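A.B. asks:
Printed below as a string of structure tokens:
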């Protein structure tokens, strides 16, 4: 699988200035009629960090996928409040006069810990990615086939417990900092509700919120263990927990998502 252009090139049009921005070569990042959620979230995040380069490390975000995102975007961002330790920043993507994505980013400096404990170890550790078999080869949306390597990380296939777990990494990571890589990776798997659907149909992410558990995330050879797990599904929606671990089993990202379940 060879990307049409490097992942870093996706971000080239973004400058420190707000306003109209044209993105080319997005075909391999599309998911249906909209840009893949991780890519649009990364654009919104990069718009913030290039406008405000002195922000402390990212700690968390709330992102709403409001409408389809295309190549012609208006990028907006503003510092809502910057205190001694914490800065909160809003960014938006507008397309064709409509807000397509709105995000709230939380940045914070390191402080001496008062509460201190590690995240729980991953249940049913699948083994190292070097030992895993390929998954989703020739399947899934074009953005996965063009930009990601996916490996199996659970025995289950098909219907059953509403959990999807895979090893994943970007095929092209050069020029991308680790936090940007995680934002691009965080929404890569289909929702866990996929395994509980009574009939096939589309699913669509509505929002995504996450906390970063490490301000300097790192892993081995780009591999991250990704998991989506439906906590509750009914009335056409699923509440999902999204998590990422590094190749040594350390949890790096903890998130939640609301997904629309159609069909």
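Residue numbers (this note's numbering): 3 to 265. The beta-carbon is built from N, C-alpha and C at its ideal position, and this holds for glycine as well. Small disclaimer: the values here were computed from a predicted structure and weren't measured.
Quick check on residue 261: buried or exposed, where buried means 16 or more other Cβ atoms within 10 Å of its Cβ?
C.D. replies: By one-based count along the chain shown, residue 261 stands at place 259. Residue 261 comes out buried.
A.B. asks: So the beta strand (DSSP E) residue 145 belongs to, where does it begin and stop?
C.D. replies: Locating residue 145 in the chain shown gives position 143, where the first residue counts as 1. From DSSP, residue 145 is part of no beta strand (DSSP E) but of the alpha helix (DSSP H) over 144-149.
A.B. asks: At what residues does the beta strand (DSSP E) containing residue 77 begin and finish?
C.D. replies: In the chain shown, counting from the first residue as 1, residue 77 sits at position 75. From DSSP, the beta strand (DSSP E) with residue 77 extends over 74-84.
A.B. asks: Just how far apart, CA to CA, sit residue 111 and residue 173?
C.D. replies: Taking the chain shown and counting its residues from 1, the one referred to as residue 111 is at position 109. Taking the chain shown and counting its residues from 1, the one referred to as residue 173 is at position 171. Cα to Cα, residue 111 sits roughly 31 Å from residue 173.
A.B. asks: In chain order, what are the residue ranges of uninterrupted alpha helix (DSSP H) at least 4 long that sit wholly in the region 115-202?
C.D. replies: Here the runs fully enclosed are 144-149 and 180-187.
A.B. asks: To the nearest angstrom, how far is it from the Cα of residue 177 to the Cα of residue 238?
C.D. replies: Residue numbering aside, residue 177 sits at position 175 when the chain shown is read from its first letter. Residue numbering aside, residue 238 sits at position 236 when the chain shown is read from its first letter. Cα to Cα, the separation comes out at about 39 Å.
A.B. asks: Any contact of the region 238-257 with the region 75-92, i.e. 3+ C-beta pairs under 8 Å?
C.D. replies: Touching, no, given that fewer than three Cβ pairs across the two stretches are closer than 8 Å.
A.B. asks: Rounding to the nearest angstrom, what Cα-Cα distance links residue 196 and residue 205 in this structure?
C.D. replies: By one-based count along the chain shown, residue 196 stands at place 194. By one-based count along the chain shown, residue 205 stands at place 203. If I take the Cα positions, the gap works out to 8 Å.
A.B. asks: Is the distance from the Cβ of residue 70 to the Cβ of residue 113 below 8 Å?
C.D. replies: As a position in the chain shown, residue 70 is number 68, starting the count at 1. As a position in the chain shown, residue 113 is number 111, starting the count at 1. Result no, Cβ atoms of residue 70 and residue 113 do not sit closer than 8 Å.
A.B. asks: Just to confirm the assignment, what range does the beta strand (DSSP E) spanning residue 11 have?
C.D. replies: The sequence position of residue 11 within the chain shown is 9, counting from 1. Unbroken run through residue 11 is the alpha helix (DSSP H), 9-12; no beta strand (DSSP E).
A.B. asks: Roughly how many angstroms separate the alpha carbons of residue 233 and residue 27, rounded to a whole number?
C.D. replies: As a position in the chain shown, residue 233 is number 231, starting the count at 1. As a position in the chain shown, residue 27 is number 25, starting the count at 1. C-alpha separation (whole angstroms): 36 Å.
A.B. asks: So, under 8 Å CB-CB, residue 50 and residue 103 are touching, yes? Tell me the CB distance rounded to an integer number of Å.
C.D. replies: In the chain shown, the residue the question calls residue 50 occupies position 48. In the chain shown, the residue the question calls residue 103 occupies position 101. The Cβ separation is near 12 Å, so there is no contact.
A.B. asks: Straight-line CA distance for residue 80 to residue 37?
C.D. replies: Here residue 80 refers to the residue found at position 78 when the chain shown is read from its first residue. Here residue 37 refers to the residue found at position 35 when the chain shown is read from its first residue. Straight-line Cα distance between these residues: approximately 23 Å.
A.B. asks: Of all the CB atoms in chain D, is at least one closer than 8 Å to the CB of residue 139?
C.D. replies: Considering every chain present, this structure includes no chain D. It has just one protein chain.
A.B. asks: Give the list of continuous beta strand (DSSP E) stretches no shorter than 3 residues that lie fully inside the region 44-72.
C.D. replies: Counting only runs of 3 or more, we get 60-67.
A.B. asks: For the beta strand (DSSP E) that contains residue 256, what are its first and last residues?
C.D. replies: For the purposes of this step, residue 256 is identified with residue 254 of the chain shown, where counting begins at 1. Counting along the chain, the beta strand (DSSP E) containing residue 256 begins and ends at 253-263.
A.B. asks: Tell me, to the nearest whole angstrom, how far the beta carbon of residue 230 is from that of residue 186; I am working on the premise that it is less than 8 Å.
C.D. replies: In the chain shown, the residue the question calls residue 230 occupies position 228. In the chain shown, the residue the question calls residue 186 occupies position 184. Not confirmed; about 16 Å, so no contact.
A.B. asks: If you follow the beta strand (DSSP E) that residue 211 is in, where does it begin and where does it stop?
C.D. replies: By one-based count along the chain shown, residue 211 stands at place 209. Run containing residue 211: 209-214, per the beta strand (DSSP E) assignment.
A.B. asks: Beta carbon of residue 75, beta carbon of residue 144: below 8 Å?
C.D. replies: Position 73 of the chain shown, counted from the first residue, corresponds to residue 75. Position 142 of the chain shown, counted from the first residue, corresponds to residue 144. No, Cβ-Cβ distance for residue 75 and residue 144 is not below 8 Å.
A.B. asks: Could you tell me the alpha carbon to alpha carbon distance between residue 152 and residue 208, rounded to whole angstroms?
C.D. replies: The sequence position of residue 152 within the chain shown is 150, counting from 1. The sequence position of residue 208 within the chain shown is 206, counting from 1. So the two alpha carbons sit approximately 23 Å from each other.
A.B. asks: Please report how far the alpha carbon of residue 57 lies from the alpha carbon of residue 88, in whole angstroms.
C.D. replies: As a position in the chain shown, residue 57 is number 55, starting the count at 1. As a position in the chain shown, residue 88 is number 86, starting the count at 1. Using only the alpha carbons, I get a separation of about 9 Å.
A.B. asks: Let me know the secondary structure DSSP gives residue 107 once reduced to three states.
C.D. replies: Translated into positions along the chain shown, residue 107 becomes position 105. In this structure, residue 107 counts as strand in the three-state DSSP scheme.
A.B. asks: Distance check for residue 166 and residue 235, CA to CA, integer angstroms please.
C.D. replies: Here residue 235 corresponds to residue number 233 of the chain shown, with the count starting at 1. Here residue 166 corresponds to residue number 164 of the chain shown, with the count starting at 1. C-alpha separation (whole angstroms): 15 Å.
A.B. asks: Looking at the secondary structure, which residues open and close the beta strand (DSSP E) in which residue 226 lies?
C.D. replies: Taking the first residue of the chain shown as position 1, residue 226 is located at position 224. From DSSP, the beta strand (DSSP E) with residue 226 extends over 226-236.
A.B. asks: Is any heavy atom of the ligand FMN found at a distance shorter than 7 Å from the C-beta of residue 69?
C.D. replies: As presented, the structure is devoid of all ligands, the ligand FMN included, so that no description of it is given.
A.B. asks: In this structure, how does DSSP classify residue 21 when only helix, strand and coil are distinguished?
C.D. replies: Position 19 of the chain shown, counted from the first residue, corresponds to residue 21. Residue 21: strand per DSSP, three-state reduction.
A.B. asks: When the Cα atoms are used, what is the spatial distance from residue 54 to residue 168?
C.D. replies: Walking along the chain shown from the start, residue 54 turns up at place 52. Walking along the chain shown from the start, residue 168 turns up at place 166. Going by the C-alpha atoms only, they are around 34 Å apart.
A.B. asks: Pick out whichever of 253, 154 and 161 has its Cα sitting closest to the Cα of residue 135.
C.D. replies: Stepping through the chain shown from its first residue, residue 135 is reached at position 133. Among 253, 154 and 161, the Cα nearest to that of residue 135 is on 154.
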